[in-house]
Amino acid sequence: MQNPIDDRKLVRTASCNCGQLSLTTMGEPKRVSVCHCTACQKRTGSAFGVQVRFPVESVEFVGRSKSYRRIGDSGSSICFHFCPDCGGTLWFILDGAATDVVIPMGNFADEQAFLEEHSSLKLPSPKIAIYEERAQPWVILEGIEERYS
């Protein structure tokens with residue numbers, strides 16, 4: 001486990017499409033996962049979502065956001081926070097895990113694209129896949145250690 005001094009070096013920034021809304025994370029993520037639920041498919045317009053979870057106390061938010069709440073596949077509520085200018089979802093909070101901020105991995109894209117392969121700031125690969133019964137049959141993910149239907 002990293003000590004707080006090391007965590008201060010692990011600062012990452014994510015932003016919406018237009019840059020008006022951003023967030024900064026400190027430390028390592030609690031987990032990186034792939035989700036095949038209906039909410040993630042609709043949110044991304046793709047076959048699945050990849051998200052990174054950080055403790056809420058290690059995330060700083062900058063800019064204006066709006067929120068939208070919906071019931072997820074589990075029956076629990078999800079509160080999506082998005083930019084009112086470009087509409088990009090920057091983070092969401094699951095009612096069942098309100099101590100975590102869930103950030104779609106692509107929101108770190110500007111920063112991740114320029115990191116060297118062995119940089120300590122590069123986000124880890126997903127190790128968890130959830131709602132696999134809703135996965136498209138052609139989706140094959142490598143490196144997944146935990147799988148949930």
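Residue numbers (UniProt numbering): 1 to 149.
Using N, Cα and C, we set each Cβ at its ideal position, and we do this for glycine too.
Contact test: residue i Cβ vs the ligand MG heavy atom, cutoff 7 Å
{"i": "Ser22", "result": "With respect to small molecules bound, the structure shown includes none, and the ligand MG cannot be examined in it."}
Cβ neighbours of residue i in the same chain (closer than 7 Å, five flanking residues each side left out)
{"i": "Ile71", "result": "Ser77"}
Nearest to residue i (by Cα), restricted to the options the options
{"i": "Ala97", "options": "Arg53, Leu10, Ser119, Leu90", "result": "Arg53"}
{"i": "Phe61", "options": "Lys127, Met26, Pro137", "result": "Met26"}
{"i": "Lys18", "options": "Leu90, Pro137, Phe80, Thr99", "result": "In the sequence as presented, Lys is not what sits at residue 18; that position holds Cys. Nearest C-alpha to Cys18: Leu90."}
Limits of the unbroken beta strand (DSSP E) element including residue i
{"i": "Ala14", "result": "11 to 15"}
{"i": "Lys122", "result": "Neither: Lys122 is in no beta strand (DSSP E) and is coded neither H nor E."}
{"i": "Cys79", "result": "77 to 82"}
{"i": "Arg134", "result": "It is not in any beta strand (DSSP E) - Arg134 carries neither H nor E in the DSSP assignment."}
{"i": "Ala98", "result": "First-last for Ala98: undefined, no H or E at that position."}
Residue i, enclosing alpha helix (DSSP H) - first and last residue
{"i": "Cys35", "result": "Taken as a continuous stretch (DSSP letters only), Cys35 belongs to no alpha helix (DSSP H), being part of the beta strand (DSSP E) at 31 to 35."}
Supposed close pair residue i, residue j - CB separation, criterion 8 Å
{"i": "Cys129", "j": "Ile140", "result": "Before going on, a small fix: residue 129 reads as Ala here, not Cys. About 11 Å; that fails the 8 Å criterion."}
{"i": "Asp73", "j": "Thr38", "result": "5 Å"}
Sequence-distant residues of the same chain with beta carbon closer than 6 Å to residue i, five excluded per side
{"i": "Ala135", "result": "His36"}
{"i": "Cys83", "result": "Cys16, Gln20, Leu21"}
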